[in-house]
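Taken in sequence, the protein lines are chains A and B.
Residue numbering for the first sequence follows numbering that gives the first Met the number 0, beginning at 0 and increasing consecutively.
Residue numbering for the second sequence follows numbering that gives the first Met the number 0, beginning at 0 and increasing consecutively.
Even for Gly, the Cβ is constructed at its ideal location relative to N, Cα and C.
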Amino acid sequence: MSVLVLADHDLGALSPATARVVHAVAELGPVEILVAGEDIAAAAQSASSLAGVTKVLTAEGQFAADSLEMLLSTLAVRYHYLVASAGSVGKDVIPRLAAKLDLMPVTDIVAILGPNRFERPIYAGNALQTVTSNQSKHILTLRASAFRAAASGNAAPIEPLDVSGISSAAKVIAAHRTQSDTPDLATAQIVVGGGIAVGSAEGFQLIESLAKKLGAAIGATRAAVDAGYAPNDWQVGQTGKIIAPDLYIAIGISGALQHLAGIQGAKKIVAINTDAEAPLVKLADIALIGDLFEIIPQLIAELDKTGLKR
Amino acid sequence: MKILVAVKRVVDHNVRIRVRPDGSGVETNGVRMSMNPFCKHAVEAAVQLAEAGQAEEIVVVSIGPKSANDVILTALAMGAHRGILVETDAELETLAIAKLLAKIVAEENPDLVLLGKQAVDDDSNHVGQMLAALTGRPQATFASEIKVTGQGLEVSREVDTGRQTLALPLPAIVTADLRLNTPRNAALPQVMKARSKPLATRAAADFGVDLAPRLTVEKISPPPERMAGKTVGSVAELAAFIAADISQMEAL
Ligand SMILES: Cc1cc2nc3c(=O)[nH]c(=O)nc-3n(C[C@H](O)[C@H](O)[C@H](O)COP(=O)(O)OP(=O)(O)OC[C@H]3O[C@@H](n4cnc5c(N)ncnc54)[C@H](O)[C@@H]3O)c2cc1C
Numbered sequence: 000m001s002v003l004v005l006a007d008h009d010l011g012a013l014s015p016a017t018a019r020v021v022h023a024v025a026e027l028g029p030v031e032i033l034v035a036g037e038d039i040a041a042a043a044q045s046a047s048s049l050a051g052v053t054k055v056l057t058a059e060g061q062f063a064a065d066s067l068e069m070l071l072s073t074l075a076v077r078y079h080y081l082v083a084s085a086g087s088v089g090k091d092v093i094p095r096l097a098a099k100l101d102l103m104p105v106t107d108i109v110a111i112l113g114p115n116r117f118e119r120p121i122y123a124g125n126a127l128q129t130v131t132s133n134q135s136k137h138i139l140t141l142r143a144s145a146f147r148a149a150a151s152g153n154a155a156p157i158e159p160l161d162v163s164g165i166s167s168a169a170k171v172i173a174a175h176r177t178q179s180d181t182p183d184l185a186t187a188q189i190v191v192g193g194g195i196a197v198g199s200a201e202g203f204q205l206i207e208s209l210a211k212k213l214g215a216a217i218g219a220t221r222a223a224v225d226a227g228y229a230p231n232d233w234q235v236g237q238t239g240k241i242i243a244p245d246l247y248i249a250i251g252i253s254g255a256l257q258h259l260a261g262i263q264g265a266k267k268i269v270a271i272n273t274d275a276e277a278p279l280v281k282l283a284d285i286a287l288i289g290d291l292f293e294i295i296p297q298l299i300a301e302l303d304k305t306g307l308k309r
Numbered sequence: 000m001k002i003l004v005a006v007k008r009v010v011d012h013n014v015r016i017r018v019r020p021d022g023s024g025v026e027t028n029g030v031r032m033s034m035n036p037f038c039k040h041a042v043e044a045a046v047q048l049a050e051a052g053q054a055e056e057i058v059v060v061s062i063g064p065k066s067a068n069d070v071i072l073t074a075l076a077m078g079a080h081r082g083i084l085v086e087t088d089a090e091l092e093t094l095a096i097a098k099l100l101a102k103i104v105a106e107e108n109p110d111l112v113l114l115g116k117q118a119v120d121d122d123s124n125h126v127g128q129m130l131a132a133l134t135g136r137p138q139a140t141f142a143s144e145i146k147v148t149g150q151g152l153e154v155s156r157e158v159d160t161g162r163q164t165l166a167l168p169l170p171a172i173v174t175a176d177l178r179l180n181t182p183r184n185a186a187l188p189q190v191m192k193a194r195s196k197p198l199a200t201r202a203a204a205d206f207g208v209d210l211a212p213r214l215t216v217e218k219i220s221p222p223p224e225r226m227a228g229k230t231v232g233s234v235a236e237l238a239a240f241i242a243a244d245i246s247q248m249e250a251l
């Protein structure tokens with residue numbers, strides 16, 4: 000049962016999400032990876048090094064959902080599974096591809112229970128749905144944060160595809176990227192999240208200095224994003240990124256159910272909040288009640304004392 | 000420009016849902032229902048385009064039981080001109096929904112179809128993309144800004160790496176994200192006026208579309224519960240907890 004995984008990549012580098020998707024689907028059959036986009040040589044190399052990968056296909060060019068759907072539908076005959084991570088590219092193209100092939104996709108999968116049996120959250124993660132599909136092919140997205148990464152050390156062959164006949168009606172005319180040297184939020188081991196209480200973009204520098212100290216990624220609530228304190232790609236939750244770090248430190252975050260939807264996979268949760276009754280304080284493993292502006296600088300100093308190195 | 004907006008009636012997003020003990024689904028009896036929040040942003044975007052003189056007609060369509068008339072009326076009160084209810088008591092999969100919408104698009108021939116990016120009940124995030132495939136139109140999902148240009152649309156969208164702007168020719172499909180706008184609450188006179196706007200009801204079964212589900216839902220279960228933790232009294236204790244936790248982490 001052959002599998003094609005659509006790789007996520009940015010600025011020439013393969014996303015850590017792809018290694019997790021590859022590892023998760025390796026049990027379904029031999030895995031090939033498609034790397035489509037511009038400046039993809041290094042990403043294709045990384046893809047070929049992942050354990051379980053038998054071949055890497057490359058498609059050089061600018062793709063939008065419509066052209067990517069066209070490309071994937073021409074490749075679809077060769078595979079039983081067409082899979083992407085549930086990131087913005089996967090969400091954009093996978094349902095489109097499924098409809099084109101007259102198939103019902105299964106998306107946001109958090110567990111693969113068998114060759115055609117999957118688990119996915121609904122209602123902002125307040126319920127889990129187990130579905131089986133008896134369709135001829137399976138068109139899937141996986142939440143990368145729910146799976147472990149494939150090892151590297153492989154050297155699968157890389158094969159360029161001829162994509163000269165494929166073009167998009169939609170054209171990318173601008174991209175505004177968030178500049179940050181913190182780890183990838185969706186797959187980070189530690190995440191420090193800030194809410195509206197952080198108060199300003201400058202306030203988020205405080206969050207950033209704690210994150211730096213811990214080697215953590217930075218997350219934010221929708222409220223903080225809407226207030227302009229944090230960029231939208233930091234948003235964690237039902238409609239932002241879904242994270243499953245070993246440790247999540249939630250600072251000035253109430254714990255609205257749409258936010259909790261994004262952190263259910265966190266192993267340990269720490270909450271810092273002035274309100275002892277906040278839902279997130281109630282479900283945290285450890286909470287400290289108090290003002291974040293007093294606590295964070297002290298916490299950084301205390302962590303220095305413990306000699307913690309990351 | 001003519002705009003079609005699709006809206007869904009869902010369990011209100013503020014309701015904490017309860018999974019039925021027998022695993023057959025989520026309790027919806029006696030639970031407050033309302034328009035899916037993202038659909039509201041889509042309706043608002045259409046109304047703003049009309050107010051800016053860039054759209055002449057807004058047709059709003061919902062697929063669901065008779066009670067889905069509520070959310071159509073909400074959209075009409077916000078400023079849409081005409082409603083269509085595609086009536087069915089069955090819970091349809093997103094593929095069937097997209098196929099019904101494609102039939103409506105073929106009849107109405109709108110320049111732009113606006114939808115919410117996802118419904119907060121099944122969280123699928125499929126329908127706009129599927130409709131784009133079935134109608135062969137370009138798409139811009141997760142839109143946070145829509146500008147009408149001479150040639151078509153420029154849409155800024157929220158993506159994993161930040162923001163991206165797409166240029167799309169019309170006709171096109173756009174799905175709305177939260178930052179697109181702030182949906183209005185219609186005042187009572189608008190709500191009254193909405194009742195006199197045209198609202199057609201059509202039976203889903205009459206469209207000649209295969210509505211049978213493709214997936215079997217075996218069960219719905221509650222997520223694993225978290226154990227409540229404890230409160231510490233000082234920053235030093237918190238730092239010690241964090242340092243201990245990190246020292247136990249497996250290296251990736
Ligand atoms: C359709 C829809 C989708 C949504 N999707 C998401 C999503 O994906 N992600 C998301 O996060 N939200 C989402 N939201 C928004 C969500 O409902 C909440 O509004 C949001 O998460 C609240 O953010 P917050 O915790 O920053 O703010 P608030 O709820 O206002 O909480 C602020 C917290 O800070 C605490 N506080 C105040 N001052 C201090 C201080 N000095 N020190 C310490 N603590 C302090 C307060 O006690 C409070 O607990 C969505 C909403 C809707 C309707």
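Q | Nearest-angstrom beta carbon gap, A:Val-197 and A:Tyr-228 [assumed within contact, 8 angstroms] | A | In the first sequence, counting from the first residue as 1, residue 228 of chain A sits at position 229. In the first sequence, counting from the first residue as 1, residue 197 of chain A sits at position 198. Right, their Cβ atoms sit about 6 angstroms apart.
Q.
Are there any heavy atoms of ligand 1 lying less than 7 angstroms away from the beta-carbon of A:Gln-234, as far as the coordinates show?
A. Position 235 of the first sequence, counting from 1, holds the residue named residue 234 of chain A. Yes, since a heavy atom of ligand 1 falls inside the 7 angstroms radius drawn around the Cβ of A:Gln-234.
Q. Nearest-angstrom Cα distance between A:Ile-285 and A:Val-190?
A. As a position in the first sequence, residue 285 of chain A is number 286, starting the count at 1. As a position in the first sequence, residue 190 of chain A is number 191, starting the count at 1. Each residue's Cα considered, the two are about 15 angstroms apart.
Q. Does A:Tyr-80 have its Cβ less than 8 angstroms from a Cβ in chain E?
A. Absent from the structure: chain E. Protein chains present are A and B.
Q) ligand 1 heavy atoms versus the CB of A:Leu-291: any closer than 7 angstroms? A) Residue mapping note: residue 291 of chain A aligns to position 292 of the first sequence, counting from 1. At least one heavy atom of ligand 1 is nearer than 7 angstroms to the Cβ of A:Leu-291, so yes.
Q: Could you pull the start and end residues of the beta strand (DSSP E) that B:Asn-108 belongs to?
A: Here residue 108 of chain B refers to the residue found at position 109 of the second sequence. Careful: B:Asn-108 lies outside any beta strand (DSSP E) and carries neither H nor E.
Q: Identify the continuous alpha helix (DSSP H) that holds B:Ala-44 and give its terminal residues.
A: Sequence index remark: in the second sequence, residue 44 of chain B carries index 45 (1-based). Residues 36–50.
Q: Could you check what DSSP says for B:Met-191 in three-state terms: helix, strand or coil?
A: What you label residue 191 of chain B is simply residue 192 of the second sequence in a count that begins at 1. Shown here, B:Met-191 sits in a helix according to DSSP, grouped into three states.
Q: Pull up the distance between the alpha-carbon of B:Leu-99 and that of A:Ile-157, whole angstroms please.
A: Stepping through the second sequence from its first residue, residue 99 of chain B is reached at position 100. Stepping through the first sequence from its first residue, residue 157 of chain A is reached at position 158. Distance between the alpha carbons of B:Leu-99 and A:Ile-157 is about 41 angstroms.
Q) Can you tell which of A:Ala-85, A:Pro-15 and A:Phe-292 has the C-alpha that lies nearest to the C-alpha of A:Ile-195? A) As a position in the first sequence, residue 195 of chain A is number 196, starting the count at 1. Nearest option by C-alpha distance: A:Phe-292.
Q) Of all the options B:Met-32, B:Val-154 and B:Leu-237, which has the alpha carbon lying nearest to the alpha carbon of B:Leu-169? A) Translated into positions along the second sequence, residue 169 of chain B becomes position 170. Residue B:Val-154 is the option with its Cα nearest to B:Leu-169.
Q: Flag this pair as yes or no: are the beta carbons of B:Arg-8 and B:Asp-88 separated by less than 8 angstroms?
A: Residue mapping note: residue 8 of chain B aligns to position 9 of the second sequence, counting from 1. Residue mapping note: residue 88 of chain B aligns to position 89 of the second sequence, counting from 1. Taking 8 angstroms as the Cβ cut-off, B:Arg-8 and B:Asp-88 do not qualify as a contacting pair.
Q | Cβ-heavy atom distance, A:Ala-196 to ligand 1, below 7 angstroms | A | Taking the first sequence and counting its residues from 1, one reaches residue 196 of chain A at position 197. Checking every heavy atom of ligand 1 against the Cβ of A:Ala-196, one is found closer than 7 angstroms.
Q) How many angstroms separate the CA atom of A:Gly-192 from the CA atom of A:Lys-266? A) The residue you call residue 192 of chain A lines up with position 193 of the first sequence. The residue you call residue 266 of chain A lines up with position 267 of the first sequence. Their backbone Cα atoms lie some 15 angstroms apart in a straight line.
Q) Can you find a C-beta in chain A that's less than 8 angstroms from the C-beta of B:His-40? A) Translated into positions along the second sequence, residue 40 of chain B becomes position 41. Interface residue (Cβ-Cβ distance to chain A less than 8 angstroms): B:His-40 is not classified as such.
(Q) Our contact map puts A:Glu-118 next to A:Thr-106 with C-beta atoms below 8 angstroms; I'd like the distance itself, whole angstroms only. (A) Sequence index remark: in the first sequence, residue 118 of chain A carries index 119 (1-based). Sequence index remark: in the first sequence, residue 106 of chain A carries index 107 (1-based). In this structure A:Glu-118 is not in contact with A:Thr-106, their Cβ atoms being roughly 12 angstroms apart against a cut-off of 8 angstroms.
Q) Short check: CB of A:Ile-39 to CB of A:Thr-57, under 8 angstroms? A) By one-based count along the first sequence, residue 39 of chain A stands at place 40. By one-based count along the first sequence, residue 57 of chain A stands at place 58. With respect to the 8 angstroms criterion, A:Ile-39 and A:Thr-57 are classified as neighbours on the basis of their beta carbons.
Q: Check distances from the C-beta atoms of the stretch 154–167 of chain B to those of chain A and list, in chain order, the residues that come in under 9 angstroms.
A: Along the stretch 154–167 of chain B, the positions whose C-beta sits under 9 angstroms from a C-beta of chain A are Val-154, Ser-155, Arg-156, Glu-157, Val-158, Asp-159, Thr-160, Gly-161, Arg-162, Gln-163, Thr-164, Leu-165, Ala-166 and Leu-167, read in chain order.
Q) So does B:Val-119 have its beta carbon nearer than 7 angstroms to some heavy atom of ligand 1? A) Translated into positions along the second sequence, residue 119 of chain B becomes position 120. Flag set: Cβ of B:Val-119 near ligand 1.
Q: Consider the C-beta atom of A:Gln-237 and the heavy atoms of ligand 1; say whether any pair is separated by less than 7 angstroms.
A: As a position in the first sequence, residue 237 of chain A is number 238, starting the count at 1. Because some heavy atom of ligand 1 lies under 7 angstroms away, the Cβ of A:Gln-237 counts as near it: yes.
Q. Taking DSSP as the reference, what is the three-state secondary structure of B:Gln-150?
A. Walking along the second sequence from the start, residue 150 of chain B turns up at place 151. Coil.
Q. What runs of the alpha helix (DSSP H), each 4 residues or longer, lie entirely inside the stretch 241–300 of chain A?
A. DSSP runs (the alpha helix (DSSP H)) wholly in the stretch 241–300 of chain A: 256–259 and 278–282.
Q | Beta-carbon proximity list for A:Leu-160, same chain, < 7 angstroms, skipping 5 on both sides | A | In the first sequence, residue 160 of chain A corresponds to position 161, counting from 1. Taken in chain order, the residues that qualify are Leu-56, Thr-57 and Ala-58.
Q: Would you kindly check if the distance between the Cβ of A:Ile-268 and the Cβ of A:Val-235 is under 8 angstroms?
A: Against the first sequence, residue 235 of chain A aligns to sequence position 236. Against the first sequence, residue 268 of chain A aligns to sequence position 269. No, Cβ-Cβ distance for A:Val-235 and A:Ile-268 is not below 8 angstroms.
Q | the stretch 77–88 of chain B touching the stretch 51–67 of chain B, judged by at least three CB pairs closer than 8 angstroms | A | Two segments are said to touch when three or more pairs of C-beta atoms, one from each, lie closer than 8 angstroms; by this definition the stretch 77–88 of chain B touches the stretch 51–67 of chain B.
Q | Classification of A:Thr-73 by the beta-carbon crowding that lies within 10 angstroms, buried from 16 upward | A | Indexing the first sequence from 1 puts residue 73 of chain A at position 74. Label assigned to A:Thr-73: exposed.
**Q.** CB-CB length for A:Ala-243 against A:Ser-144, believed under 8 angstroms
**A.** Locating residue 243 of chain A in the first sequence gives position 244, where the first residue counts as 1. Locating residue 144 of chain A in the first sequence gives position 145, where the first residue counts as 1. Rounded, the Cβ-Cβ distance is 4 angstroms, consistent with contact.
Q. With 8 angstroms set as the bound, which would you pick, yes or no: does the beta-carbon of A:Gly-86 sit closer than that to a beta-carbon of chain B?
A. Indexing the first sequence from 1 puts residue 86 of chain A at position 87. Yes, A:Gly-86 lies at the interface with chain B (some Cβ there is under 8 angstroms from its Cβ).
Q.
Using a Cβ-Cβ cutoff of less than 7 angstroms, which residues in the same chain neighbour B:Ala-256 once the five nearest sequence positions on both sides are dropped?
A. Residue 256 of chain B falls outside the range modelled here, since chain B spans only 0 to 251, and no answer is possible.
Q: May I ask you to check if the CB of A:Asp-274 is nearer than 7 angstroms to at least one heavy atom of ligand 1?
A: Your numbering for residue 274 of chain A matches position 275 in the first sequence. Relative to ligand 1, the beta carbon of A:Asp-274 is positioned inside 7 angstroms of a heavy atom.
Q) Between B:Glu-55 and chain A, is there a C-beta pair that is closer than 8 angstroms? A) Here residue 55 of chain B corresponds to residue number 56 of the second sequence, with the count starting at 1. No - not a single Cβ of chain A is within 8 angstroms of the one on B:Glu-55.
Q) What residue range is occupied by the uninterrupted beta strand (DSSP E) comprising A:Glu-31? A) The sequence position of residue 31 of chain A within the first sequence is 32, counting from 1. Looking at the DSSP string, the run of the beta strand (DSSP E) that includes A:Glu-31 is 30–36.
Q) Which chain B residues are close to A:Ile-294, counting only those with a beta carbon under 9 angstroms from its beta carbon? A) For the purposes of this step, residue 294 of chain A is identified with residue 295 of the first sequence, where counting begins at 1. Ordered by position in chain B, the residues that pass the 9 angstroms Cβ test against A:Ile-294 are Val-234 and Leu-237.
(Q) So, at 6 angstroms on beta carbons, what are the nonlocal neighbours of B:Lys-262 in its own chain, with the 5 sequence-adjacent residues on each side left out? (A) In the structure as shown, chain B starts at 0 and stops at 251, and residue 262 of chain B therefore has no counterpart that could be examined.
Q: Would you give the residue range spanned by the alpha helix (DSSP H) that A:Arg-95 belongs to?
A: Sequence index remark: in the first sequence, residue 95 of chain A carries index 96 (1-based). Start and end: 87–99.
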